[in-house]
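**Q** What follows is a single structure, and I will ask about it in a moment.
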Amino acid sequence: MHTVSRLQPFGTTIFAEMSALAVTHDAVNLGQGFPDTDGPASMLTAAQEAIAHGHNQYPPGLGIPELRAAVARHQQDHYGLDYDPDTEILITVGATEAIAGAIVGLVEPGREVIMVEPYYDSYAATVAMAGGVRRTVPLIPDDDGFRLDRTTMAAAFGPSTSVILVNTPHNPTGTVLSDDDLAEIARLCIEYDVVAVTDEVYEHLLFDGRKHRPLATYPGMRDRTLRISSAAKTFNCTGWKVGWISGPPELVAAARAAKQFMSYVGSGPFQPAVAHALNTEMAWVRESSAALQAKRDLLSAALADAGFGVHRSEATYFVCADPRPLGYDDGEKLCRMLPERIGVAAVPVSAFVDDREPWRHMLRFAFAKRDDVIAEAAQRLRRL
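Residue numbering for the sequence shown follows the working numbering, starting at 847 and increasing by one per position.
So, in structure tokens, the structure goes:
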């Protein structure tokens, strides 16, 4: 083994593995969370025009001014958050790089990073790259959904805590943390002088009338929070890799110190297109969110009809399902079997946790697909 020991557990992502099985067996891929339709037409045209008009070289290190201004305007309009586009916003190569830059730039070796479990798989790898120590706080069952274990959360904070990584709306469970959950996180951050890094990439994809409230809007949190989002999920352009960090200048500078030696810059011709979309296409986003809610309902009904126990999905692209009523209690084993047996791919939730036992049975399915794809998946699921 030549890979350093701290990165040896992160050789191949579960998404790559399940997607490869989907290709091998011509399965409907409900594992990896990407949409199969494009974003708003005017955004695509803006990208084409940017390419045609010479926006193909390095953009500025902070990101183009038009996009930073659009990000600032967007956050002011939606949340009342006032950020200076020249000192408090950094454009990144997707939210994944934003998270990596923030953690590597802020966490000293040996210091602790708290994260909610299950967690997106890049979080653990990023903490390992920084030489930090991860501490996980579980979501726990709440009727047909999940909620934060606030008692365990309070116990996780201590003198070694450097950063808390907060993801809401939450991948993989589709949970939206409550106001009480976020208020408790804010209280603990202030008490222990901890920085919050918030992954809010699904901020506009909430269902059933729910509204997103950033942690940075809570009292005392604006100046100790790095808020991260991206165009990928909002505008159906996951391959463009355009993300951003917003926060106080000294925290943004820490993230930039690391980020600039990861990619330097990226997504040159896509940055003006995303600026255009943030400024003009939020009506499209609202329509997309409504369509996703309907897709959630379609897939949830199909899973229930196939015999799964189906958990509540309040946001995101994902619904979690329990196969134990069908006689399966090992989600990872079932996910490796599904593509060949019935032609559907999912991912096991146990891939996103340290404590596997409470989650070992559970599967995550993505519903950001065309209705005919979901219908085909539903037909195949009935074979199980």
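Note that CB positions come from ideal geometry on N, CA and C, so glycine has one too.
Keep in mind it's a predicted model, so treat the numbers as computed, not measured.
Could you tell me the distance, in whole angstroms, from the CA atom of V1193 to the CA atom of G900?
**A** Here residue 1193 is taken as the residue at index 347 of the sequence shown, counted from 1. Here residue 900 is taken as the residue at index 54 of the sequence shown, counted from 1. Going from the Cα of V1193 to the Cα of G900 covers about 41 Å.
**Q** Taking the straight line between their C-alpha atoms, what separation do you get for P855 and T1063?
**A** The count along the sequence shown starts at 1 and reaches residue 855 at position 9. The count along the sequence shown starts at 1 and reaches residue 1063 at position 217. If you take the alpha carbons of P855 and T1063, they lie about 36 Å apart.
**Q** For the beta strand (DSSP E) that contains P984, what are its first and last residues?
**A** Here residue 984 refers to the residue found at position 138 when the sequence shown is read from its first residue. It spans 979-988 - the beta strand (DSSP E) in which P984 sits, taken as one unbroken run.
**Q** Using DSSP's beta-bridge definition, name the partner residues of R1056.
**A** In the sequence shown, residue 1056 corresponds to position 210, counting from 1. DSSP, once it has assigned bridges, lists no residue as partnering R1056.
**Q** Grab the span of the alpha helix (DSSP H) containing S1146 for me, first residue to last.
**A** Locating residue 1146 in the sequence shown gives position 300, where the first residue counts as 1. That run of the alpha helix (DSSP H) goes 1128-1152.
**Q** Which residues does DSSP pair with G1089 in a beta bridge?
**A** As a working note, residue 1089 is residue 243 in the sequence shown. In DSSP, G1089 forms a bridge with T938, S1076.
**Q** Could you name the residues of the same chain whose beta carbon sits closer than 6 Å to that of T933, not counting the 5 residues immediately before and after it, in chain order?
**A** As a first step, residue 933 must be located in the sequence shown, where it is residue number 87. Here the set comprises P1095.
**Q** Nearest to R1187 by CA position, among D872, L853, G857, is which residue?
**A** Against the sequence shown, residue 1187 aligns to sequence position 341. R1187 has its Cα closest to that of D872, out of D872, L853, G857.
**Q** DSSP three-state call for D1027: helix, strand or coil?
**A** Indexing the sequence shown from 1 puts residue 1027 at position 181. Residue state, collapsed to three classes: helix.
**Q** Closest to E1049 by CA distance: which of E1030, V1040, L927, S1075 is it?
**A** Residue numbering aside, residue 1049 sits at position 203 when the sequence shown is read from its first letter. The option with the nearest alpha carbon to E1049 is S1075.
**Q** Should P964 go down as buried or exposed, given a rule of 16 or more other Cβ atoms within 10 Å for buried?
**A** Here residue 964 refers to the residue found at position 118 of the sequence shown. Its Cβ being crowded by 16 or more others within 10 Å, P964 is buried.
**Q** Within the region 1155-1183, note down every full beta strand (DSSP E) run reaching 3 residues or more, in order along the chain.
**A** Runs found: 1164-1168.
**Q** Can you tell me whether DSSP reads D1218 as helix, strand or coil?
**A** Position 372 of the sequence shown, counted from the first residue, corresponds to residue 1218. Looking at D1218 - three-state DSSP - the assignment turns out to be helix.
**Q** For E863, which three-state DSSP category applies?
**A** Here residue 863 corresponds to residue number 17 of the sequence shown, with the count starting at 1. Of the three classes helix, strand and coil, the one that applies to E863 here is helix, per DSSP.
**Q** When you compare the CB positions of E1160 and V959, do they come within less than 8 Å of one another, or not?
**A** Against the sequence shown, residue 1160 aligns to sequence position 314. Against the sequence shown, residue 959 aligns to sequence position 113. No, the Cβ-Cβ distance between E1160 and V959 is not below 8 Å.
**Q** Identify which residue in L890, G879, D1045 has its Cα closest to the Cα of A948.
**A** Within the sequence shown, the letter at position 102 stands for residue 948. The shortest Cα separation from A948 among L890, G879, D1045 belongs to D1045.
**Q** Between the C-alpha atoms of G1066 and R1033, what's the straight-line distance to the nearest angstrom?
**A** Residue 1066 sits at position 220 when you count from the first residue of the sequence shown. Residue 1033 sits at position 187 when you count from the first residue of the sequence shown. When rounded, the distance between both Cα atoms is 9 Å.
**Q** Would you mind reading off the limits of the alpha helix (DSSP H) that contains E1234?
**A** Since the first residue shown for the chain is 847 and the last is 1230, residue 1234 is missing from the structure and cannot be characterised.
**Q** What residue ranges within the region 906-979 form continuous beta strand (DSSP E) runs of no fewer than 3 residues, ordered along the chain?
**A** List check, beta strand (DSSP E) in window: 935-938, 958-963.
**Q** Using alpha carbons as the reference points, say which of P1060, G1020, V1043, T1007 lies closest to D1026.
**A** Position 180 of the sequence shown, counting from 1, holds the residue named residue 1026. The shortest Cα separation from D1026 among P1060, G1020, V1043, T1007 belongs to P1060.
**Q** From R1142 to R1216, what distance separates their C-alpha atoms?
**A** Here residue 1142 refers to the residue found at position 296 when the sequence shown is read from its first residue. Here residue 1216 refers to the residue found at position 370 when the sequence shown is read from its first residue. Cα-Cα distance, rounded: 11 Å.
**Q** Taking R1170 and P1018 to be in contact with their CB atoms under 8 Å, please state how far apart those CB atoms are, rounded to whole angstroms.
**A** As a working note, residue 1170 is residue 324 in the sequence shown. As a working note, residue 1018 is residue 172 in the sequence shown. No, R1170 and P1018 are not in contact; Cβ-Cβ is about 18 Å, not under 8 Å.
**Q** Are the CB atoms of S968 and H1122 nearer to each other than 8 Å?
**A** To locate residue 968, count along the sequence shown from 1; it is residue 122. To locate residue 1122, count along the sequence shown from 1; it is residue 276. No, the pair does not count as a contact, with Cβ atoms beyond the cut-off.
**Q** If distances are taken between C-alpha atoms only, which option among G857, Y1110, R996, F1003 comes closest to S1024?
**A** The residue you call residue 1024 lines up with position 178 of the sequence shown. When only C-alpha atoms are compared, the closest one is R996.
**Q** Is it buried or exposed for Y904, if we count other Cβ within 10 angstroms and need 16 for buried?
**A** Position 58 of the sequence shown, counted from the start, is the residue given in the question as residue 904. The residue in question, Y904, is exposed, as its Cβ has fewer than 16 Cβ neighbours within 10 Å.
**Q** So is Y966 buried or exposed if we call it buried at 16+ other beta carbons inside 10 Å?
**A** Numbered from 1 along the sequence shown, position 120 holds the residue referred to as residue 966. So Y966 ends up on the buried side.
**Q** Which residues in the same chain as Q878 place their Cβ atom closer than 6 Å to its Cβ, once the five residues preceding and following it in sequence are excluded?
**A** Counting from one through the sequence shown, the residue named residue 878 turns up at place 32. The answer, listed in chain order, is F861, S865.
**Q** When burial is assigned at 16 or more other CB atoms within 10 Å of the CB, is L1124 buried or exposed?
**A** As a working note, residue 1124 is residue 278 in the sequence shown. Buried is the call here.
**Q** Would you please state the rounded distance, in angstroms, between the beta carbons of L1145 and V1190? I believe it to be under 8 Å.
**A** If you number the sequence shown from 1, residue 1145 lands on position 299. If you number the sequence shown from 1, residue 1190 lands on position 344. The pair is not a contact, with the Cβ atoms about 11 Å apart (cut-off 8 Å).
**Q** Quick one, are the C-beta atoms of L1138 and L1028 less than 8 Å apart?
**A** Taking the sequence shown and counting its residues from 1, the one referred to as residue 1138 is at position 292. Taking the sequence shown and counting its residues from 1, the one referred to as residue 1028 is at position 182. For L1138 and L1028, no; Cβs fall outside 8 Å.
**Q** Let me check one thing: in DSSP terms, what residues is I1188 bridge-paired to?
**A** The residue you call residue 1188 lines up with position 342 of the sequence shown. According to DSSP, I1188 bridges with nothing at all.
**Q** Consult DSSP for F992 and reduce its assignment to one of helix, strand or coil.
**A** Sequence index remark: in the sequence shown, residue 992 carries index 146 (1-based). Strand at F992.
**Q** Distance, Cα to Cα, V1040 vs E1222?
**A** Counted from its first residue, the sequence shown places residue 1040 at position 194. Counted from its first residue, the sequence shown places residue 1222 at position 376. Looking at the two C-alpha atoms, the distance is approximately 47 Å.
**Q** Does the region 1079-1097 come close enough to the region 920-939 to have 3 or more Cβ pairs within less than 8 Å?
**A** Yes: at least three Cβ pairs fall under 8 Å.
**Q** For the alpha helix (DSSP H) containing R1102, name the first residue and the last one.
**A** Taking the sequence shown and counting its residues from 1, one reaches residue 1102 at position 256. That run of the alpha helix (DSSP H) goes 1095-1105.
**Q** Beta carbon of A1042, beta carbon of T1007: below 8 Å?
**A** As a working mapping, residue 1042 is identified with position 196 in the sequence shown. As a working mapping, residue 1007 is identified with position 161 in the sequence shown. Their beta carbons are not under 8 Å apart, which means A1042 does not touch T1007 by this criterion.
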